[in-house]
Structure formats: structure tokens, C-alpha cells
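**Q** Before I ask anything, here is the structure I am working with.
Chains as they are written, first to last, in this note's numbering: chain C, 9 to 513; chain U, 9 to 513.
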């Protein structure tokens with residue numbers, strides 16, 4: 009029997025994937041549950057990832073002509089009553105403010121008081137409240153397009169929550185745009201889906217599939233919902249961003265009208281699109297391994313941990329002086345126009361303990377530096393994306409570090425892409441389909457399944473049946489790739505093209 | 009009779025200061041009221057100022073060793089019950105979530121449902137919820153100091169609201185730190201007050217006075233509250249940032265304890281400090297004039313408006329090509345490490361109309377460029393901080409633009425400082441004090457008063473009497489400047505030093 013290798017995270021992915029996920033978060037000190045139902049505390053190492061995501065995405069939004077604004081946290085109940093599907097989709101899970109005062113309850117505690125005549129809903133999404141402003145801002149075709157983004161917190165009273173993936177409160181951005189024509193609004197919906205896909209692949213190192221949601225999975229009130237979908241290491245799909253073509257539904261509900269060039273009053277066309285702190289969950293589940301978090305450098309909380317190794321105070325000072333030369337050089341570098349983020353970890357712990365902590369935290373590069381390295385003008389480098397450790401000259405290191413970071417970024421992406429490709433199938437029969445998605449051991453289901461491209465007749469009853477039988481959903485109708493028609497593998501009826509099936513979050 | 013000069017904003021500051029303030033906001037398109045009680049919508053031109061404030065302050069926080077994190081929006085009611093003064097200070101004005109579902113009310117509308125057993129308070133400030141996390145994070149002296157900041161929205165159910173200055177929901181940052189000793193916590197409280205003062209003066213171009221609040225004006229639960237105070241153009245003081253030394257009150261309430269080097273369990277010492285979107289209000293009221301907003305370049309939404317002037321399409325194209333050369337040059341410049349933010353305003357409006365819009369929006373520099381400027385390789389420049397317009401070579405302009413922006417920044421600061429100095433008095437008698445703060449015309453009080461340095465015996469009854477008589481408060485006990493003792497001008501009793509009196513926001 010092969011000796012089982014010890015890993016920093018137990019259970020491993022293969023042993024218990026959901027628990028592994030939570031343990032990676034804990035070991036990397038990314039976030040924790042709070043005493044507030046379903047709400048998480050995002051700790052500094054995790055929040056920094058979100059800050060980096062924000063900074064990069066914000067730049068992409070601005071480069072595509074969008075500006076930021078801020079709208080109220082609270083939405084009057086009546087706004088929800090204006091768009092029927094929308095309220096149906098969100099009313100079941102919201103936080104409602106009904107009172108405005110706490111008073112002494114006469115028993116040493118506090119009771120609520122100051123009841124509102126009309127309650128407010130804590131925004132689960134902001135189409136209706138932003139629509140109320142847009143109705144005032146838009147008068148003529150000259151005011152269009154209106155391209156607004158908001159960075160905000162939103163609240164959905166979810167029953168089952170999970171750190172980063174699904175929490176009662178989460179952080180996100182929501183883009184809201186208004187256009188004169190259906191075509192322009194559609195173009196915007198696509199464009200922002202493209203921005204999300206580019207961001208996911210280039211910064212998060214997550215390969216994604218751009219697709220359209222089926223009717224049942226649409227955003228409540230949208231005409232079309234587009235998404236980017238990514239395969240996690242348990243082969244489930246995680247919806248990582250959505251872009252909605254809202255048609256005239258919300259402009260009708262909010263009364264967003266403009267005077268056209270011809271002097272005719274027209275209903276406007278709107279879109280909305282969003283990504284959230286769920287992206288941090290996507291990043292964790294895409295790249296981490298049984299030793300903990302693996303961070304892609306472009307959004308990593310930090311790039312380099314520098315660990316001084318010494319036996320006495322004299323050596324300690326020598327090592328710190330030597331490190332100062334290296335950090336001075338790093339301070340002058342720019343990695344894709346950003347500063348190199350390093351941490352000198354001079355804590356009173358063994359070199360091995362410190363090194364393992366940074367491995368678990370996903371630090372792309374570790375440098376261990378002791379007297380022997382000084383003697384050789386070298387650094388001893390460990391990389392998170394491989395097991396190898398290398399000695400190289402310190403000047404050599406500072407000259408190459410940006411290339412090394414890019415190489416790590418590419419490796420991480422390629423690894424995720426290879427994993428997805430390995431677990432993607434084209435399946436042409438119902439039998440093979442059911443077999444592919446059925447675990448071998450029902451008692452303790454192992455990681456199984458993957459992405460399946462299969463023909464489907466477009467019937468939502470079939471979609472529902474598969475979901476009931478296998479917990480498998482149509483994650484999207486892919487926008488790119490093969491578009492040849494065929495026969496539905498469940499009914500034999502005509503299918504315009506293959507769609508993608510998978511288990512999903 | 010002198011001919012009255014026309015201004016872009018009516019009423020002027022002298023005519024009706026509060027209305028002038030609202031009209032400046034409207035003319036500059038900074039923000040508007042929403043239908044949600046007391047909540048504002050921050051429009052793009054206003055939000056960009058806040059983004060710039062965030063970016064610069066965030067860098068200063070990080071340079072002083074702080075990291076960002078995120079804590080829940082909701083606070084369990086019981087957390088408020090732990091710190092008596094704190095609940096007293098905030099319980100009267102809070103939004104309370106009591107339900108989690110909307111249901112069909114059978115009359116075509118919606119009713120609230122899903123009542124919570126224990127209600128949640130929407131955070132008015134986060135000491136208690138952050139304290140609950142800190143209690144878990146802090147175990148040993150090795151975990152200290154803990155230096156955390158949060159950028160967030162908070163809600164206080166204010167009765168009287170005013171755009172940016174006092175709104176039900178507002179955006180802010182709240183720093184929360186934990187220390188092993190009282191001295192260290194005090195040092196942190198001072199340090200962050202210093203960061204705020206430096207930021208206000210260097211970036212917002214607002215001269216501020218650092219001081220300590222009197223007992224009655226302290227943050228509920230704090231041992232000492234320090235503040236920066238700025239004089240607005242109606243000579244009232246606006247508290248623009250606060251830093252609180254919380255002693256052990258909140259660590260006791262939240263049970264934040266650590267094991268000292270000597271192995272003894274100790275209660276920790278905490279601080280908190282914050283600034284909010286109120287700073288945008290401070291900026292507006294400090295610098296704007298009767299033609300609208302005046303933006304200090306370091307936080308300006310944009311730096312330069314470029315206005316093409318032409319008579320026909322041929323000239324139009326020539327002008328746009330010429331402008332492209334200038335913007336290419338601007339793209340390569342950095343103003344204090346940031347990109348130069350410019351707008352080419354090619355709207356189909358007269359040059360004068362466009363120019364006035366940018367004046368009202370506070371744009372530091374306007375360039376009007378037409379065929380005659382091209383012939384001379386020149387640009388025609390208007391500055392917001394003066395009435396003068398100058399022609400200069402376009403290369404000359406791009407070489408000097410950063411210096412010009414700095415000069416504008418300095419001018420704006422100096423003007424505000426001169427105004428404050430002009431309206432600051434040392435007063436040594438009660439009679440003169442009362443006269444100084446009494447308007448000449450009670451029916452339509454003109455802008456009057458200012459900052460008064462006067463001796464006070466420290467009695468809060470006297471403080472209350474002055475507030476009742478004159479609506480004048482002790483804005484702070486200044487930390488810097490003259491500290492000679494004297495006699496209280498109201499009672500003749502000893503006074504350790506002069507304090508500052510003013511009307512305030």
C-alpha cells in the first residue's frame with residue numbers, strides 16, 4: 009500500500025470536497041461566519057483579493073465608458089410591486105426594515121419602536137430604485153446611453169449559506185444602463201459579458217464559458233440572461249457573473265422614457281450586469297489544492313513572502329540588511345502597472361512553520377533567505393504553483409520576478425483549463441448521460457461528472473426532469489463553438505444546437 | 009447704485025447660504041434626494057469626488073499599517089445592550105429589520121411576513137459587531153496591535169437631513185484598532201487624527217483645527233473624542249472627522265482580552281475613527297462661490313475640460329485632430345502619480361454654454377480651442393480659481409499643467425485659510441462674545457460670527473446656556489497653539505486654556 013502523503017488541509021478534495029473548501033478558507037484566514045444569520049466577516053487576507061478584483065474591474069468598466077454612482081440601500085415596498093416577475097423572484101428572501109427606534113423594554117433590555125407607515129426592503133438588487141432615478145435623468149435621446157455602475161452591499165435572505173458562494177449579505181457591483189434601441193442594449197449586454205469573461209480568464213486565471221441561461225434560470229424580469237460559467241474542482245459549475253438584457257420591462261415599470269430625434273416619446277431599453285464576492289469563492293475552488301489556497305498573482309493579496317532565516321542576532325541583522333536591498337529593488341518595480349506586494353515575515357517561528365503558513369495562504373512566491381544565501385548573493389525561491397525550490401542570484405530574481413509572476417499566472421490558468429477539458433464530454437445518448445452523472449458509490453458520492461455538451465429539444469419539462477433525477481442543470485446555451493443542429497438525446501426531437509449540462513452551485 | 013453682477017448660482021451665499029449650498033449641488037449635478045426618507049443618490053460627478061477621497065485616504069491608511077476587512081451590515085439587538093452609553097447614543101435613530109419576506113396581501117399589494125425572533129439593527133457604526141470578531145481574533149499580545157479599517161455604508165435615522173452633511177444612509181470608513189496598552193491606543197487615536205488633518209489640508213484644501221471634544225460632544229462610549237473642525241463660508245464649523253479613544257469600554261463589552269508577555273490575561277484598549285461623505289459637503293461649502301462648485305485638483309472629479317470651438321465641419325475636424333495631440337501628451341503625464349483626468353466636451357452647444365457648465369461643475373482648468381488657437385499652436389485657458397483667461401502654447405501648457413494644478417490647489421487652500429483667519433477672534437468678555445454671535449438683523453440673519461477663542465471654566469452648564477442663548481457650541485479644545493491659563497469669560501473662574509466657540513453644523 010502506497011504511503012499516504014501528508015497534506016496541509018484535511019480532509020483533502022477527494023475525501024470531502026465541501027469540507028476541504030471551508031478548511032482552505034480557514035487555513036488561509038480569508039473569512040469566517042458571524043453571529044448574524046448567513047452573514048460572513050471577510051478577513052483582511054480575503055478582503056484584499058476583493059479589493060484587487062474591484063480595482064481591476066473598475067478600470068475595465070471605466071475603459072468601456074461607465075461611471076460609478078451610489079443609490080439608496082433601502083427600497084420602498086411599492087417599487088417592488090411595479091414589476092411582477094421581479095417581486096416574485098426576490099420577495100421570498102429579503103430583509104425588511106419596519107421600525108426606526110429601540111426603547112427600554114422595562115426589563116433591562118430593548119424593544120423595537122417607531123413603526124414605519126411603509127416598510128423598506130434592504131436592496132437584494134437595485135433595478136427598481138435605480139430606475140426611479142433614471143426616469144428623472146433620462147429625457148432626450150441626447151441623455152443616452154446612460155452607463156452607470158454601483159459598488160455596493162446587497163442582502164438576500166438565503167436559507168442555506170456558504171462562505172463567499174452564497175451569503176445573506178454580499179458585496180458586488182451592479183451595472184445599470186439605458187439605451188435608445190434594443191440593438192444597443194443587446195450590444196451592451198454582450199459587451200459586459202465579454203468584460204467579465206476577459207477578467208475571469210486574465211486576472212482570476214479561471215477559464216469560463218460564455219452562454220445564455222434557459223428561461224427558467226433567467227433573472228426575474230429579464231428577457232435574456234447571459235452568464236459566465238466555470239468548472240470547479242468537484243466538476244460542478246459555478247455561475248460567476250451575469251449580464252441581463254431587460255428589454256423594456258424595467259423601463260416600463262420605472263417609466264424611463266426619452267424623446268427621440270424625431271420628437272416621439274419612446275420607452276427606453278435597459279440592461280443590468282453584476283459580479284460579486286462569489287468570485288472569491290470561484291477563485292478558491294478553481295485553483296486551491298490539498299495544501300491550501302493558490303492565488304493567481306494578478307489579484308493575489310500579496311506576491312512574495314520573504315522569510316529571514318538565522319541562528320543568532322548577528323545573523324538576523326545581516327539577513328534583514330540583505331533583505332532591505334531586495335525590497336528596495338522590488339519597490340521600484342511595477343507588475344502590470346501595480347506595485348509588487350511583498351511581506352517580510354520576521355515572526356519568531358521556525359522557517360518551516362512560516363513557509364507552510366504562506367503556502368496555505370496561497371502566496372505565489374516564497375523567498376527563504378539566510379547567511380548561506382548572502383554568501384552567494386542569492387535567494388532561495390519556492391513557488392506555489394510547483395513543488396520545486398530554486399536558488400538564484402538576488403539581482404537575477406528582481407530582474408525576473410515579473411516574468412515569474414506571469415508564468416505562475418499562466419500555469420494556474422492552464423491547469424484549470426486542462427482540468428475542465430479533461431472532464432468535458434460530448435454525449436449523444438440518454439443512457440450514457442445518466443451514467444456519466446451517477447456516482448459509483450451512492451452512499452459516499454465521489455467527485456464525478458463534469459460538463460456535458462448534449463442536444464436538447466428546448467422543453468423546460470425535460471430540463472426539470474433531469475434536475476429531479478440527477479441534480480443536473482443546463483448551465484447555459486454556449487455562445488461560442490459548435491452550432492450544428494441535431495436530435496434531443498432525451499426525446500429524439502429536433503435540437504438547434506448542443507447545450508451544456510452540469511451539476512451546479 | 010452699483011449694478012448687481014450676475015452669478016451662475018442664485019441665491020448667492022450672502023442672500024441665502026443654505027439654499028445656495030443646495031443650488032450649487034444641483035448646478036454641479038453632484039447628488040439628489042431620493043424617495044427614500046433622508047437618503048440621497050450620489051450622482052457620478054459627486055461620487056467621483058468620493059472615489060478620489062477613498063483612494064487617497066486608503067493609501068494613507070495602508071501606509072500607516074492598516075488593512076481593510078468587511079463586517080456584517082446587521083447587528084444583533086443584544087450587542088447594543090452590552091454598552092449602555094453606546095445604545096443611548098444610537099438607539100434613538102436606527103433602522104430595524106424585523107421581517108424577511110413579502111407576501112401577497114390579497115389586495116394586489118404586498119405585506120411583510122417571516123418575522124424574526126430577534127430583530128437586527130442596520131449598523132449606525134460598527135464597534136459592537138467588529139468587537140465580536142476582535143474578541144475571537146485577539147488571544148495573545150502577539151496579535152496586537154490589530155489595525156483594521158472598513159469602507160461601508162451606515163444608517164442613522166436622522167430627523168433633519170441635508171445632502172452630504174447629514175443623510176439617513178451615508179458612506180464612510182471606520183477604523184477599529186486594538187492595543188495592549190492605553191498609551192499605544194492613545195497614540196493611534198492621535199496618529200489617525202493627524203492623518204485626517206493632513207488629508208483635509210493637502211487633498212481637500214481645507215484648513216482644519218485639531219481638537220478634543222468636550223464631554224457632552226463625545227462619541228457614546230468613548231473616553232476622549234478628537235476631531236478636525238473646518239470653517240465653512242457661513243462661518244459655521246463643520247466637524248469633518250473624528251478619532252475616538254475608547255479606553256476599555258468596548259473591549260469590556262465585547263470581551264476582547266489578551267494574554268500579556270507575563271502570561272496575565274488583560275483587557276485590551278481600543279480606538280475607532282471615521283470620516284464620511286460629509287467631507288464632500290465640507291469641500292463644497294469651503295470653496296464654492298456664487299458661480300458654483302470649485303474643486304481642488306487633488307480630489308477633483310476631473311482636471312481639464314477641453315472645448316472645441318468651430319464654425320463648420322472642416323474646422324471641427326481640424327480642431328479635434330489638434331486636441332488629439334494635446335490629449336496624447338496629457339495621457340503620458342502623471343499628476344501626483346495619478347492620470348490627468350480630462351473631458352473633451354464636443355456637445356452641440358455654444359462655447360459659452362459649455363464653458364459655463366464646467367464652471368458650475370468646478371472644473372479646475374478649461375481649454376477653449378478653435379482655429380485661431382491652432383494657427384498660433386496655442387490653447388486658450390480659463391482657470392476656476394481666478395477670472396483670468398490666458399493664451400499659451402499647447403506644448404507649454406502640457407509642460408506646465410501639473411504645476412498649474414498645484415498652484416490652483418494652493419490658491420484654494422490659501423483662500424480658505426485667509427477666510428478662517430479673517431473671521432477668528434480672541435474674545436475676553438462675555439458682552440463682546442454675545443455681541444459677536446448675535447446677528448444685526450434677527451428677521452433675516454446675515455452671515456455673521458466666526459471662530460472665537462475664549463476662556464471657559466469647563467462647566468457643561470455654562471456650555472449648555474451658551475448653546476441655548478446663541479446656538480453657539482464649543483467646537484473643540486484645540487490641541488495646538490496658545491495654552492496659557494486665564495479666567496472664564498462667563499464666570500470669572502479659572503480656565504486652563506482657551507477653547508473654540510462657533511455655530512456649527
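Backbone N, C-alpha and C define an ideal beta-carbon position, used for all residues, glycine too. A quick note: this is a predicted structure, and the numbers were derived from the prediction, not measured.
(1) Please work out which residues of its chain come closer than 8 Å, Cβ to Cβ, to residue 9 (chain U), disregarding the five sequence neighbours upstream and downstream, and give them in chain order.
(2) Drop a sphere of 10 angstroms on the beta-carbon of residue 115 (chain U), count the other beta-carbons inside from all chains shown, and report buried for 16 or more, exposed for fewer.
(3) Using the Cα positions of residue 39 (chain C) and residue 51 (chain C), report the straight-line distance between them to the nearest angstrom.
(4) What's the gap between the Cα of residue 307 (chain C) and the Cα of residue 373 (chain U)?
(5) Is any beta-carbon of chain U found at less than 8 Å from that of residue 165 (chain C)?
(6) Taking 8 Å as the cut-off, decide whether the C-beta atoms of residue 141 (chain U) and residue 49 (chain C) are in contact.
(7) Taking 8 Å as the cut-off, decide whether the C-beta atoms of residue 133 (chain U) and residue 86 (chain U) are in contact.
(8) My parser needs the beta strand (DSSP E) runs of 3 or more residues fully inside the region 293-344 of chain C; what are they?
(9) Is the Cβ of residue 196 (chain C) closer than 8 Å to any Cβ of chain U?
(10) Would you say residue 296 (chain U) reaches chain C, if we count a Cβ-Cβ gap shorter than 8 Å as a contact?
(11) Report all residues from its chain with a CB closer than 6 Å to the CB of residue 190 (chain U); omit the five preceding and five following residues, and keep chain order.
(12) Have a look at the DSSP bridge pairing and note the partners of residue 112 (chain U).
(13) Counting only runs of 4+ residues fully inside the region 251-278 of chain U, write out the alpha helix (DSSP H) ranges in chain order.
(14) Check distances from the C-beta atoms of the region 70-84 of chain C to those of chain U and list, in chain order, the residues that come in under 8 Å.
(15) DSSP on residue 281 (chain C), reduced to helix/strand/coil?
(16) Is residue 409 (chain C) helix, strand or coil by DSSP?
(17) Among U:44, U:468, U:478, U:477, whose alpha-carbon lies nearest the alpha-carbon of residue 83 (chain C)?
(18) Under a CB-based cut-off of 8 Å, is residue 388 (chain U) close to chain C?
(19) Measure the Cβ-Cβ separation of residue 466 (chain C) and residue 35 (chain C) and say whether it is below 8 Å.
(20) Out of C:184, C:59, C:319, C:492, point me to the one whose CA is closest to residue 359 (chain C)'s CA.
(21) Less than 7 Å between C-beta atoms, sequence neighbours within five positions excluded: which residues of the same chain meet that for residue 200 (chain U)?
(22) Here's the rule I'm using: 16 or more other beta-carbon atoms within 10 Å means buried, otherwise exposed. How should residue 14 (chain U) be labelled?
(23) Tell me the DSSP bridge mates of residue 386 (chain C)?
(24) Would you give the residue range spanned by the alpha helix (DSSP H) that residue 436 (chain U) belongs to?
(25) If you follow the alpha helix (DSSP H) that residue 471 (chain U) is part of, which residue opens it and which one closes it?
(26) Does the count of Cβ pairs from the region 404-424 of chain U and the region 338-348 of chain U closer than 8 Å reach three?
(27) Should residue 358 (chain U) be flagged as near chain C, meaning a C-beta pair shorter than 8 Å?
(28) Please decide whether residue 21 (chain C) counts as near chain U, where near means a Cβ-Cβ distance under 8 Å.
(29) Beta carbons nearer than 8 Å to chain C: which residues of the region 259-282 of chain U have them?
(30) Taking Cβ positions only, does residue 430 (chain U) come closer than 8 Å to chain C?
(31) Does the region 434-445 of chain C come close enough to the region 227-243 of chain C to have 3 or more Cβ pairs within less than 8 Å?
(32) Go ahead and pull the three-state DSSP assignment for residue 246 (chain C).
(33) Which stretch, first to last residue, makes up the beta strand (DSSP E) that contains residue 395 (chain C)?
(34) My output table needs one value for residue 288 (chain U): the three-state DSSP class, helix, strand or coil.
(35) Give me the Cα-Cα distance between residue 302 (chain U) and residue 385 (chain U), rounded to the nearest whole angstrom.
**A** Result, derived from the coordinates:
(1) Legend: pLDDT at residue 9 (chain U) = 43, less than 50; position of this residue unreliable, no value from coordinates given.
(2) By the neighbour-count criterion, in which a residue is buried when 16 or more other Cβ atoms sit within 10 angstroms of its Cβ, residue 115 (chain U) is exposed.
(3) Residue 39 (chain C) and residue 51 (chain C) have their C-alpha atoms spaced approximately 5 Å apart.
(4) Going from the Cα of residue 307 (chain C) to the Cα of residue 373 (chain U) covers about 36 Å.
(5) Interface criterion met: the Cβ of residue 165 (chain C) is under 8 Å from a Cβ in chain U.
(6) Yes.
(7) Annotated as distal: residue 133 (chain U) and residue 86 (chain U), with beta-carbon spacing of 8 Å or more.
(8) Within the region 293-344 of chain C, the complete beta strand (DSSP E) runs of at least 3 residues are 312-316.
(9) False, the Cβ-Cβ gap to chain U never drops below 8 Å.
(10) Judged by the 8 Å Cβ criterion, residue 296 (chain U) is not in contact with chain C.
(11) Taken in chain order, the residues that qualify are 277.
(12) Residue 112 (chain U) is bridged to U:118.
(13) For the region 251-278 of chain U, whole alpha helix (DSSP H) runs of length 4 or above, ordered along the chain, are 257-262.
(14) Residues of the region 70-84 of chain C with a Cβ closer than 8 Å to any Cβ of chain U, in chain order: 75, 76, 77, 78, 79, 80, 81, 82, 83, 84.
(15) DSSP places residue 281 (chain C) in strand when its eight states are reduced to three.
(16) Assigned with DSSP and collapsed to three states, residue 409 (chain C) falls in helix.
(17) The shortest C-alpha to C-alpha distance from residue 83 (chain C) to any of U:44, U:468, U:478, U:477 is the one to U:44.
(18) No, because no Cβ of chain C sits closer than 8 Å to the Cβ of residue 388 (chain U).
(19) No. Outside cutoff.
(20) Nearest of C:184, C:59, C:319, C:492 to residue 359 (chain C), Cα basis: C:319.
(21) Counting only Cβ-Cβ distances below 7 Å, and skipping sequence neighbours, we find 183, 251, 281.
(22) Classification for residue 14 (chain U): exposed.
(23) Residue 386 (chain C) pairs with C:401.
(24) No alpha helix (DSSP H) holds residue 436 (chain U); DSSP gives it neither H nor E.
(25) Residue 471 (chain U) -> alpha helix (DSSP H) spans 468-478.
(26) Taking a contact to require three or more Cβ pairs closer than 8 Å, the region 404-424 of chain U and the region 338-348 of chain U qualify as touching.
(27) With 8 Å as the cut-off, residue 358 (chain U) does not count as an interface residue toward chain C.
(28) No, because no Cβ of chain U sits closer than 8 Å to the Cβ of residue 21 (chain C).
(29) Answer set for the region 259-282 of chain U: empty.
(30) It does not; no Cβ of chain C falls within 8 Å.
(31) No, because fewer than three Cβ pairs between the region 434-445 of chain C and the region 227-243 of chain C fall closer than 8 Å, the two stretches do not touch.
(32) Residue state, collapsed to three classes: strand.
(33) Taken as a continuous stretch (DSSP letters only), residue 395 (chain C) belongs to no beta strand (DSSP E), as it is neither H nor E.
(34) If DSSP states are grouped into helix, strand and coil, residue 288 (chain U) belongs with the helices.
(35) So the two alpha carbons sit approximately 29 Å from each other.
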